[in-house]
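*Asks:*
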Amino acid sequence: MKVWVDCTAAAHPVVLRPIINELEAQGHEVFITARDNGETFGNLDRLGMPFVKVSKHGGATRRGKVLALAVRSTRLLPIVWKQQPQLVIAHGSVDAAVVSSICRFPLVQMQDYEFATWQRKIAFKKARRVLVPDSIPVERLARIGAGPEKLEQFPGLKEDYFLAGFEPDPAVLGELGVDREKVLVVMRPPPVESEYHAPNEIYEATLQRLAGADGVQVVVVPRTSKQRQAARAIGATNLIVTEQAIDGQSLVAHADLVISAGGTMNREAVALGTPVFTTFTGDMGGVDEQLIKEDRLQVLTDPTSLPLHKRTSPVGVLHPRDPKLLVKAALAAT
Numbered sequence: 024m025k026v027w028v029d030c031t032a033a034a035h036p037v038v039l040r041p042i043i044n045e046l047e048a049q050g051h052e053v054f055i056t057a058r059d060n061g062e063t064f065g066n067l068d069r070l071g072m073p074f075v076k077v078s079k080h081g082g083a084t085r086r087g088k089v090l091a092l093a094v095r096s097t098r099l100l101p102i103v104w105k106q107q108p109q110l111v112i113a114h115g116s117v118d119a120a121v122v123s124s125i126c127r128f129p130l131v132q133m134q135d136y137e138f139a140t141w142q143r144k145i146a147f148k149k150a151r152r153v154l155v156p157d158s159i160p161v162e163r164l165a166r167i168g169a170g171p172e173k174l175e176q177f178p179g180l181k182e183d184y185f186l187a188g189f190e191p192d193p194a195v196l197g198e199l200g201v202d203r204e205k206v207l208v209v210m211r212p213p214p215v216e217s218e219y220h221a222p223n224e225i226y227e228a229t230l231q232r233l234a235g236a237d238g239v240q241v242v243v244v245p246r247t248s249k250q251r252q253a254a255r256a257i258g259a260t261n262l263i264v265t266e267q268a269i270d271g272q273s274l275v276a277h278a279d280l281v282i283s284a285g286g287t288m289n290r291e292a293v294a295l296g297t298p299v300f301t302t303f304t305g306d307m308g309g310v311d312e313q314l315i316k317e318d319r320l321q322v323l324t325d326p327t328s329l330p331l332h333k334r335t336s337p338v339g340v341l342h343p344r345d346p347k348l349l350v351k352a353a354l355a356a357t
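Count along the sequence shown from 1, add 23, and you get the number used in the numbering used here.
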C-alpha cells in the first residue's frame, strides 16, 4: 500500500516518524510532503526523512491562512494525484483534508487539541478516521466533526507513542554550549501564528525574570524569526537562543525545568518526567486539563514562584506505548 503523509508543523516529523517507520516495516510505501513552517523542514532533514517541499505557512491572519490553503492545496493536487496513495495520514493538516476530499483518498487525522475550530472542522469532516487521546471529551470532538462513527480514541499521550524506544542524547547540551552546572530551563514561545493564539504576557514576563538570573541557563526554542530576534535582543549572557532545528526531545529530557506556551513540548516534558509549567493562554484542551488535574502539568501565573533547582528524577520516558496501536487504527480506515 502507498501512504501519503503531510507534515505542516515542526512537531509533525517527530510525532509521525514512528508511524511511518512501522508502516515501512510492514512493507508499505510512504511518501512525505511538508510545508515551510518553523523547524518543519529542519526536523525532517535532521531525522533523515526524505520529503517534497510544498509551499509555506500563511501567517497569523485568517485571510493569509485561507489564501495559503488554496495555494498549497492546488500545488499538492498534481503531486499527490501522480502518487495515487491508498491512505493519507496527517496531524491536523487542512491541506491534506482538501486534497484527499477532491481525490477521494481515505484520510486519517491525528490530533490532541480540539479548539482550533475552523481548521479542525475541515480536517475532521473530511477524515474517515480521527485518532485522539481518550482524555478529550467526546462531545467537544463531535461538535467539530469527529462523531462516534469516525472517532478512534487511544490511551495516554501521543508523546507516549512517539517517544517509545527513545534514548535521550546528552550531545545536544554540548552542541548548544549549555553550562551543566547551572539549572537548565527550556522555554518555548507562544504559537503566535496559530488560529488559537491569545495574547501572552506571562511568557514575556517569565523570560525577563530568568534573563540574567544567577545559576540559571535558559535555552529558548523560538517558533519564528521574530521570536528569535526578540530573545536575542534581551542580551542576557545566560540566554541561549536556538538558530535551527535541534534534538528538542533530548534537550527536554535533560532539562531541569520546561516552560512552554504551546502544547507538544509541555507534553514531551510530562512524558519524560521533566518538571513543566504552561503559560498557554488560549482555551485549555482536554489533554492538558487532565494533566493539570493529575498535577503532571502546572499553570504558571507568577514567574517569581518558579522552582529553580536541579532535578533529581531520572532521565527517560516514563510510560512508553507501542505505536503499532496507532498504525493499526490508521490502517483500519482503508
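Cβ coordinates follow ideal geometry from the N, Cα and C atoms, glycine included.
Tell me which residues share the same chain as Gly308 and place their Cβ nearer than 8 Å to its Cβ, disregarding the 5 neighbours each side in the sequence.
*Replies:* Asp135, Tyr136, Glu137, Phe138, Ile159 and Gly286, listed in sequence order.
*Asks:* Under three-state DSSP, which class holds His220?
*Replies:* Because the pLDDT at His220 is just 46, under 50, the model does not fix this residue reliably, and the value given afterwards should be weighed accordingly. Residue state, collapsed to three classes: coil.
*Asks:* Leaving out five residues on either side along the sequence, give the residues of the same chain with a beta carbon under 6 Å from the beta carbon of His35.
*Replies:* Contacts found: His114.
*Asks:* Would you check if the region 163-180 and the region 246-255 touch, i.e. whether three or more CB-CB distances between them fall below 8 Å?
*Replies:* no
*Asks:* Taking 7 Å as the cut-off, is the C-beta of Asp59 nearer than that to any heavy atom in the ligand GTP?
*Replies:* Because no ligand of any kind appears in the structure shown, any question about the ligand GTP cannot be addressed here.
*Asks:* State the CB to CB distance for the pair Val275 and Val201, rounded to an integer number of angstroms; the pair is presumed to be in contact (CB under 8 Å).
*Replies:* Contact flag wrong, Cβ pair sits at about 13 Å.
*Asks:* Leaving aside the five residues before and after Arg203 along the sequence, list all residues of the same chain whose C-beta is less than 7 Å from its C-beta, in chain order.
*Replies:* Leu196
*Asks:* Using CA coordinates, which residue listed in Ala355, Pro191 and Pro41 is at the minimum distance from Val53?
*Replies:* Selected option, being the one with the closest Cα: Pro41.
*Asks:* Are the beta-carbon atoms belonging to Val38 and Phe185 less than 8 Å from one another?
*Replies:* yes
*Asks:* Taking just the CA atoms, how far does Ala253 sit from Pro245?
*Replies:* 10 Å
*Asks:* What residues are listed by DSSP as bridge partners for Gln132?
*Replies:* Ala113 and Val153
*Asks:* Could you tell me if Arg127 is buried or exposed, where buried requires 16 or more neighbouring beta carbons within 10 angstroms of its beta carbon?
*Replies:* exposed
*Asks:* Closer than 8 Å is the cut-off here; do at least three beta carbon pairs connect the region 256-265 with the region 224-244?
*Replies:* yes
*Asks:* Please classify Met210: does DSSP put it in a helix, a strand, or coil?
*Replies:* strand
*Asks:* Buried or exposed for Arg86, please, with buried defined as at least 16 other CB atoms from any protein chain shown within 10 angstroms of its CB.
*Replies:* exposed
*Asks:* Can the beta-carbon of Val28 be found closer than 8 Å to that of His51?
*Replies:* no
*Asks:* Do you know offhand how far Glu317's Cα is from Arg143's?
*Replies:* 27 Å
*Asks:* Between the alpha carbons of Glu218 and Asn60, how many angstroms are there, rounded?
*Replies:* Because Glu218 carries a pLDDT of 49, less than 50, the predicted location of this residue cannot be relied on, and the following value inherits that uncertainty. Spanning the two alpha carbons is a distance of roughly 14 Å.
*Asks:* For Glu198, which residues of its own chain have a beta-carbon under 6 Å away from its beta-carbon, when the five flanking residues on both sides are left out?
*Replies:* none
*Asks:* Restricting to runs no shorter than 4 residues, where is the alpha helix (DSSP H) found entirely within the region 253-280?
*Replies:* 271-277
*Asks:* With 16 other CB atoms within 10 Å as the buried threshold, where does Glu62 fall?
*Replies:* By the 16-neighbour rule on beta-carbons within 10 angstroms, Glu62 is buried.
*Asks:* Beta-carbon within less than 8 Å of Val206's beta-carbon, same chain only, minus the 5 sequence neighbours each way: which residues are those?
*Replies:* Gly238, Val239, Gln240, Asp279, Leu280, Leu331, His332 and Lys333
*Asks:* Per DSSP, Ala57 is paired with what?
*Replies:* Under DSSP, the beta-bridge partners assigned to Ala57 are Cys30 and Lys76.
*Asks:* Please report the distance separating the alpha-carbon of Lys351 from that of Arg255.
*Replies:* One C-alpha to the other measures close to 45 Å.
*Asks:* Let me make sure I understand the geometry here. Which of Thr84, Gly71, Lys88 and Leu70 has the alpha-carbon closest to that of Ser78?
*Replies:* For the residues Thr84, Gly71, Lys88 and Leu70, the minimum Cα distance to Ser78 belongs to Lys88.
*Asks:* According to DSSP, is Gln176 helix, strand or coil?
*Replies:* strand
*Asks:* Counting C-beta neighbours from all protein chains within 10 Å, is the total for Ser328 16 or more, i.e. buried, or is it exposed?
*Replies:* That one is exposed.
*Asks:* Could you check the C-alpha separation between Ile315 and Gln106 for me, to the nearest Å?
*Replies:* 43 Å
*Asks:* Run through the DSSP bridge pairs and tell me what Lys25 is partnered with.
*Replies:* Glu52
*Asks:* Can you tell me whether DSSP reads Phe300 as helix, strand or coil?
*Replies:* strand
*Asks:* Would Gln49 be called buried (16 or more neighbouring beta carbons within 10 Å of its own) or exposed?
*Replies:* exposed
*Asks:* Under 8 Å by Cβ, that's how I've got Tyr226 and Pro212 pegged, so tell me the actual separation to the nearest angstrom.
*Replies:* 6 Å
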